[in-house]
Amino acid sequence: MTISSPLARPGFVYSMLLATGMAAAVGTALGFQYIGGYIPCALCLLQRQPYYYAIPIAILAAISELVGLPNWITRALILAAGILMLVTAGMGVYHAGVEWHFWPGPATCSTTASSMTTNAGDLLGELNTIKGPSCTDAALRVLGLSFAGWNVIAGILLAAFAFVGVRKAAS
């Protein structure tokens, strides 16, 4: 019986790189929120959910490869993470369309943004009144793309990487 390095196993490498890429994408969004002060709208928060599900799935794929589970399990988990990245990309397309006024946003999107207080005594009172910003206004555009637009690009690239990983893990 030969023991091979985990780095020699495509399923392990692809799933760990995928998990790292997804963590970087959602970590960037969280950084803009908590460090940059950009308050996310309701659609922004929804676009993060596929990442929150896909990262543990990709890590499970790496673990399944390490413990020697059948190859199809690793591939199915990487595939599931890739599909979730297509979901977030689709949500990003919808959100970008709302920002460009191609179609209306959901009713859950408020029309104004309030900032949080710095006074701890007022914090509890403000928690009931604070609403996120409108989904129709992009908080920031970089190279012409909003956060939603960049999420579309990240989601498509991560999904493509996952699908290549599924194929490479088969060999």
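Read left to right, the sequence shown gives residues 1092 to 1262 (this note's numbering).
We put the CB at the ideal spot given by N, CA and C, even for glycine.
(message) Using only the alpha-carbon positions, how far apart do M1176 and M1107 sit?
(response) Counted from its first residue, the sequence shown places residue 1176 at position 85. Counted from its first residue, the sequence shown places residue 1107 at position 16. The straight-line gap separating the alpha-carbon atoms of M1176 and M1107 is approximately 15 Å.
(request) Compute the beta-carbon to beta-carbon distance between A1149 and A1110, rounded to the nearest angstrom, for a pair I have assumed lies under 8 Å. (result) In the sequence shown, the residue the question calls residue 1149 occupies position 58. In the sequence shown, the residue the question calls residue 1110 occupies position 19. That belief holds up - the Cβ atoms of A1149 and A1110 are roughly 4 Å apart, short of 8 Å.
(request) Determine contact between the segment 1241–1250 and the segment 1150–1163, defined as no fewer than three beta-carbon pairs at a distance below 8 Å. (result) No contact exists between the segment 1241–1250 and the segment 1150–1163.
(request) Would you please state the rounded distance, in angstroms, between the beta carbons of G1183 and T1227? I believe it to be under 8 Å. (result) For the purposes of this step, residue 1183 is taken as residue 92 along the sequence shown, with counting starting at 1. For the purposes of this step, residue 1227 is taken as residue 136 along the sequence shown, with counting starting at 1. Between T1227 and G1183 the Cβ distance is about 15 Å, and since that is not below 8 Å, they are no contact.
(request) Round the Cβ separation of A1145 and A1172 to the nearest angstrom and send it over; I've been treating them as touching at under 8 Å. (result) In the sequence shown, the residue the question calls residue 1145 occupies position 54. In the sequence shown, the residue the question calls residue 1172 occupies position 81. At roughly 4 Å, the Cβ-Cβ gap stays under 8 Å, so A1145 and A1172 are in contact.
(message) Measuring alpha carbon to alpha carbon, tell me which residue in I1169, A1245, L1157 is nearest T1179.
(response) Locating residue 1179 in the sequence shown gives position 88, where the first residue counts as 1. Nearest of I1169, A1245, L1157 to T1179, Cα basis: A1245.
(request) Can you say whether V1158 is buried or exposed, counting buried as having 16 or more other CB atoms within 10 angstroms of its CB? (result) Position 67 of the sequence shown, counting from 1, holds the residue named residue 1158. Residue environment: V1158 is assigned as exposed (fewer than 16 neighbouring CB atoms within 10 Å of its CB, all protein chains considered).
(message) Please report the distance separating the alpha-carbon of L1170 from that of V1189.
(response) For the purposes of this step, residue 1170 is taken as the residue at position 79 of the sequence shown. For the purposes of this step, residue 1189 is taken as the residue at position 98 of the sequence shown. Looking at the two C-alpha atoms, the distance is approximately 29 Å.
(message) Quick check on this structure: which residue in F1123, R1100, G1112 has the alpha carbon closest to the alpha carbon of T1165?
(response) Here the question's residue 1165 lines up with position 74 in the sequence shown. That would be R1100, whose Cα lies nearest to the Cα of T1165.
(message) Assuming the contact rule is C-beta atoms closer than 8 Å, N1162 and A1260 should be a hit. Round their C-beta distance to whole Å, please.
(response) For this step, residue 1162 is matched to residue 71 along the sequence shown. For this step, residue 1260 is matched to residue 169 along the sequence shown. Confirmed, Cβ separation roughly 7 Å.
(request) Report the rounded CA-to-CA distance for T1093 versus F1254, giving the unit in angstroms. (result) Walking along the sequence shown from the start, residue 1093 turns up at place 2. Walking along the sequence shown from the start, residue 1254 turns up at place 163. Unreliable positioning characterises T1093 in this predicted model, as indicated by a pLDDT of 47, which lies under 50. The coordinate reading is nonetheless provided below. In a straight line, the C-alpha of T1093 is about 28 Å away from that of F1254.
(request) On a CA-only basis, which of L1137, G1102, M1113 is nearest L1160? Give me that one, please. (result) The residue given as residue 1160 occupies position 69 in the sequence shown. The candidate whose alpha carbon is nearest that of L1160 is G1102.
(request) Check whether the Cβ atoms of A1114 and R1139 lie closer than 8 Å to each other. (result) Your numbering for residue 1114 matches position 23 in the sequence shown. Your numbering for residue 1139 matches position 48 in the sequence shown. No.
(message) Rounded to whole angstroms, what is the Cα-Cα separation between I1126 and R1258?
(response) Numbered from its first residue, the sequence shown carries residue 1126 at position 35. Numbered from its first residue, the sequence shown carries residue 1258 at position 167. Cα to Cα, the separation comes out at about 38 Å.
(message) Quick check: what's the CA-CA separation for Y1143 versus A1187?
(response) Counting from 1 along the sequence shown, the entry for residue 1143 is found at position 52. Counting from 1 along the sequence shown, the entry for residue 1187 is found at position 96. Roughly 21 Å between the two C-alpha positions.
(request) Could you spell out the range, first to last residue, of the alpha helix (DSSP H) harbouring C1200? (result) Start at 1 with the first residue of the sequence shown, and residue 1200 comes out as number 109. No alpha helix (DSSP H) contains C1200, which DSSP labels as neither H nor E.
(request) Classify T1093 as helix, strand or coil using the three-state DSSP reduction. (result) The residue you call residue 1093 lines up with position 2 of the sequence shown. Bear in mind that a pLDDT of 47 at T1093, under 50, signals an unreliable position, so the number given afterwards is only what the model happens to contain. Coil at T1093, not helix or strand.
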